[in-house]
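For reference, the structure is listed below as structure tokens.
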Ligand code: RP5
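Numbering (the numbering used here), first residue to last: 259 to 471.
Here's what the structure looks like:
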């Protein structure tokens, strides 16, 4: 995957704070590719290239972008700053690039003040993957082809899990053990228990055994 990837008519913009975020953020691109959603991808840093972030946020809607994904690590202000410059939906991906393993980026991305939301995903690769799926889900609200691909994706995911479950069951299933009989175990057979006999009480009749209730 190259930086600054361009497609004919991108509807999703993927931003990241640094090229060091690319191995994580390409998970978002991979999902968009799977669903056939056109996207563009570039680097923009809220701290290192603030003017570029401003311009991107202000101009994205006019250029036909419908959803913005922003991934950043450390004091991750990229998604929040982009969201402050546009009313397009912004999806934030906290990246685990710092000594705090992304907890700093998670809080910086998710803790937006009321009125300027950022849909924040989980930290790292899964979050980036989900940002791609989520962006496709937003686009799918007005694109039936993408909506159908998302449905197929769910069915395939379910089938994959079932296949894995079957494989695990095949590996872990213990052979059925037959309980050893007393003869197998060399235990002498017990004497037959004597059946209880009712003795006729002197002067009384033997109790009658009626049908079982
Ligand atoms: C953040 O700082 C970036 O999003 C990246 O996760 C982190 C480190 O960037 P580099 O120093 O690797 O360029 O702004």
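We put the beta carbon where it would ideally sit given N, CA and C, even for glycine.
Under three-state DSSP, which class holds residue 298?
strand
Please say whether residue 273 and residue 393 have beta carbons closer to each other than 9 angstroms?
no
Which same chain residues end up closer than 6 angstroms to residue 337 when comparing Cβ atoms and leaving out the 5 residues on each side of it in sequence?
328, 348, 350, 367, 376
Can you pull the DSSP bridge partners for residue 270?
297, 325
Mapping the DSSP letters down to three states, classify residue 374 as helix, strand or coil.
coil
What residues match up with residue 331 in a beta bridge as DSSP calls it?
353
Best match in 315, 311, 281, 296 for proximity to residue 345 [C-alpha to C-alpha]
315
Short check: CB of residue 294 to CB of residue 334, under 9 angstroms?
no
With 9 angstroms set as the bound, which would you pick, yes or no: does the beta-carbon of residue 405 sit closer than that to a beta-carbon of chain C?
Absent from the structure: chain C. Only one protein chain is present.
Starting from residue 339, follow its DSSP beta bridges and name the residues at the other end.
Beta-bridge pairing links residue 339 to no other residue.
Residue 422, enclosing alpha helix (DSSP H) - first and last residue
402-430
Could you tell me the boundaries of the alpha helix (DSSP H) in which residue 495 lies?
The structure shown does not extend to residue 495, since the chain spans only 259 to 471, so no value can be given for it.
Going by the beta-carbon positions, is the gap between residue 279 and residue 353 smaller than 9 angstroms?
yes
What's the gap between the Cα of residue 403 and the Cα of residue 324?
17 angstroms
Might you give, ordered along the chain, the residues of its own chain that have their beta carbon closer than 7 angstroms to the beta carbon of residue 470, omitting 5 neighbours on each side?
Per-residue confidence for residue 470 stands at a pLDDT of 43, beneath the threshold of 50, marking its modelled position as unreliable; the derived number appears in the next sentence. Excluding residues within five positions, none has a Cβ falling inside 7 angstroms.
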